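Residue numbering for the sequence shown follows the UniProt record's numbering, starting at 1 and increasing by one per position.
In this text, a Cβ means the ideal position worked out from N, Cα and C, and glycines have one as well.
Just so we're clear, the structure is a prediction, and the values are computed from it rather than from any experiment.
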Amino acid sequence: MVTFADLVRARAGDEHVGLLFEDESYTWSRLVGEAERRAALALGLREPGRPFHIGVLLENVPEYVLWIFAAALSGAAVVGINPTRRGEELAGDVRHTDCRFIVTDSTGCGLLDGLRTGIPPERVLRVDTPGYRDLLARRTGAQELPEAEEGDPLLLLFTSGSTGAPKAVVCGQGRLAAIAGRGGAGGSGSGGTA
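This is the structure we're talking about:
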């Protein structure tokens, strides 16, 4: 079976538009290259023996898509941190899913400020800072990336919690590849745009 990482890799060198956001367009080639840089960064932050969970606390922006692609390529799982949660509930979500670092922006950082998430400040990456851009600039994306298996988790997405505390639903590489291959969510099927 095909993995989501396979679908991302297959788009390397594809100059068709893969993502539209506001007034910007991103080719598939650019998306894959940027995802490879983030995958290299993620692998550099990986803690052996711990779950490879990347907390992403962002709105629906290109960085979110890039980190999903990066997770697919690096063997990590993205934990979609719900920005509507606050205080101890938000901190509990991060701790419960064992995030090893968080990708966010200034707004998300404000939500995390003062919370006991278990994530040291130096492992909170703010995408809207020069320091983040410098971290990415030092990554070529050329390192060898691991091969994914169809059962490997790729996304942990929180439910709304309408019957209690939100639960993280696990979506694997194979399942997301099947959805995307049909031209569904993610738009990475033939000719798709996200």
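Whole-Å CB distance - residue i paired with residue j, under 8 Å assumed
i: V56; j: L19; result: That pair is no contact at about 16 Å.
i: L73; j: V8; result: 6 Å
i: L145; j: G108; result: So it is not a contact: roughly 26 Å between Cβ atoms.
i: A77; j: F52; result: 7 Å
i: A91; j: L125; result: With a Cβ gap of about 18 Å, A91 and L125 do not count as contacting.
i: G75; j: D152; result: 6 Å
i: G172; j: L154; result: 6 Å
i: G80; j: L176; result: Going by Cβ atoms, the distance from G80 to L176 rounds to 13 Å, so no, they are not a contact pair.
i: V61; j: F4; result: With a Cβ gap of about 20 Å, V61 and F4 do not count as contacting.
i: I54; j: V103; result: 6 Å
Buried or exposed (CB count within 10 angstroms, at least 16 for buried), residue i
i: R93; result: In the sequence as displayed, the identity of residue 93 is Asp instead of Arg. So D93 ends up on the buried side.
i: R182; result: exposed
i: A165; result: exposed
Where residue i falls: helix, strand or coil (DSSP)
i: L57; result: strand
i: T107; result: helix
i: residue 200; result: The structure shown does not extend to residue 200, since the chain spans only 1 to 194, so no value can be given for it.
i: residue 195; result: Examination of residue 195 is not possible in this model, given that the chain is present from 1 through 194 alone.
i: G13; result: coil
i: L73; result: helix
Spatially closest choice to residue i from the options, by CA coordinates
i: D113; options: P166, F21, G87; result: G87
i: T117; options: H96, S162, V127, R50; result: H96
i: P121; options: S106, R133, E36; result: S106
Q: Please specify which runs of the beta strand (DSSP E), each continuous and at least 3 residues long, are wholly inside the stretch 18-68, giving them in chain order.
A: 24-27, 53-57
(Q) In chain order, what are the residue ranges of uninterrupted beta strand (DSSP E) at least 3 long that sit wholly in the stretch 105-176? (A) 124-126, 153-158, 168-172
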